[in-house]
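Undergrad: Below: one structure in structure tokens.
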Amino acid sequence: MAKRSHVDSEQPLSPAVFHILMALATGERHGYDIMREIALDTLGAMRLGPGTLYGCLKRMLDAGLVKECDERPDRELDDERRRYYRATDSGLRAVRAEANRLEAAVAAAQAKKLLGRRFNVAGAKR
Amino acid sequence: MAGLAQSFLLRFMGRTYALMILAYPRAFRREFGREMRLAFSSEALELSRRTGLRSLFPFFLRVSSDWFVSVWKEHCDMPKRLITVVTILLLLAVDWLTFHDLFEPHTVRDYLTLAASLLVFLYIGLDILRRPDPTAARSD
């Protein structure tokens, strides 16, 4: 498949892709680190297996949402076999757009009283 | 004793997963296989240290179900491309055989063959243009 240099940020992202981009929004990570970060972000509700994670990463690399990093962290802390990934500008735009969509959906759900009182409009716990 | 059992189980699961990875398409396996094994063994090791051996069984079940779905998905990606390329090459060959000599008289069947192949090309082109992004929600 031809590489896509541009991804329409209007297009919704799958939950797995959204969480991978969220994990990569704060810096480069290797595969297992992404899996751990997603489990932490979702309080364990979403645990990606290696197959799903690397399948998504492959498609995200093709779509230009992430790229592989050449820079590596401190060698003493690092395993040479690991590959590091980072979100591209296009990936960051896409994750921001998706976060805005989700915020609007949460606000709409709250307006229809589908959410408990412990959530505010931004979805944060009070 | 528990340490021995733990290291045996981890090695066994690691080797089993390495065999399971063989089910992925070769290109995918070559690109990500080693990292997948690494991610698997890192998670298994961390789980066994944190919560003991019992947690490894649900973990392996979860990874197996993930494996089943992702193997299917990766294989589905490959044949579509292959079928498209083969169809295009085949139709181009048929069209060339039919029309390589423009001055030769052609039958209605020849023109119908050409029209059919043009329709197939149009369909493939539109399908490629309309295909949702692979990272979009529905395809994942």
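Taken in order, these protein sequences are the chains called A and B.
According to my numbering, the stretch in the first sequence is residues 1 to 126, in order.
According to my numbering, the stretch in the second sequence is residues 127 to 266, in order.
Just so you know, even glycine gets a beta-carbon here, dropped at the ideal spot from N, CA and C.
Under 8 Å: do the region 198 to 218 of chain B and the region 163 to 175 of chain B share three or more Cβ pairs, one atom per stretch?
TA: no
Undergrad: Counting only Cβ-Cβ distances shorter than 7 Å, please list the residues of the region 20 to 44 of chain A near chain B, keeping chain order.
TA: Cβ contacts with chain B: G31, Y32 and M35.
Undergrad: K67 (chain A) versus chain B: which residues are under 7 Å apart at the beta carbon?
TA: Near K67 (chain A) there are no residues of chain B at all, since even the closest Cβ is about 14 Å away, more than 7 Å.
Undergrad: Of the residues that make up the region 44 to 66 of chain A, which ones have a beta carbon closer than 8 Å to any beta carbon in chain B?
TA: R47, L48, G49, P50, G51, T52, L53, Y54, G55, C56, L57, K58, R59, M60, D62, A63 and L65
Undergrad: Can you grab the Cα-Cα spacing for the pair H322 (chain B) / R207 (chain B), in whole Å?
TA: The requested residue 322 (chain B) is not part of the displayed model; chain B covers only 127 to 266.
Undergrad: Count the CB pairs spanning the region 149 to 169 of chain B and the region 187 to 202 of chain B that are closer than 8 Å, and state whether there are at least three.
TA: yes
Undergrad: Give every residue of the same chain whose Cβ lies closer than 6 Å to the Cβ of D89 (chain A), excluding the five residues on either side of it in the sequence, and list them in chain order.
TA: none
Undergrad: Taking only beta-carbon atoms, is T142 (chain B) less than 8 Å away from chain A?
TA: no
Undergrad: If we require 4 or more residues per run, which alpha helix (DSSP H) segments fall completely within the region 138 to 184 of chain B?
TA: Listed in chain order, they are 152 to 177.
Undergrad: Nearest to E161 (chain B) by CA position, among A:L24, A:K58 and A:A105, is which residue?
TA: Sorting A:L24, A:K58 and A:A105 by C-alpha distance to the C-alpha of E161 (chain B) places A:K58 at the top.
Undergrad: Any residues in the region 164 to 180 of chain B with a beta carbon nearer than 7 Å to a beta carbon of chain A? Which ones, in chain order?
TA: L164, A165, F166, S168 and E169
Undergrad: Does V106 (chain A) come within less than 8 Å of chain B when only Cβ atoms are used?
TA: The Cβ of V106 (chain A) sits no closer than 8 Å to any Cβ of chain B.
Undergrad: Just checking, does the region 33 to 40 of chain A make contact with the region 181 to 195 of chain B on the three C-beta pairs under 8 Å criterion?
TA: no
Undergrad: What residues of chain B sit near R81 (chain A), judged by a beta carbon separation below 8 Å?
TA: R160, E161 and L164
Undergrad: For a test of the three-state rule: what should DSSP assign to H226 (chain B), helix, strand or coil?
TA: coil
Undergrad: Please classify A99 (chain A): does DSSP put it in a helix, a strand, or coil?
TA: A99 (chain A): helix per DSSP, three-state reduction.
Undergrad: For H30 (chain A), which three-state DSSP category applies?
TA: H30 (chain A) sits in a strand when the DSSP states are folded into three classes.
Undergrad: Tell me the DSSP secondary structure of S5 (chain A) in three-state form.
TA: Any reading at S5 (chain A) must be qualified, since the residue scores a pLDDT of 42, below 50, and its modelled position is unreliable; no value is offered.
Undergrad: Buried or exposed for A104 (chain A), going by 16 or more other Cβ atoms inside 10 Å?
TA: exposed
Undergrad: Answer yes or no: does any C-beta atom of chain A fall closer than 8 Å to that of R188 (chain B)?
TA: yes
Undergrad: Check whether the Cβ atoms of Y32 (chain A) and S168 (chain B) sit closer than 8 Å, and answer yes or no.
TA: yes
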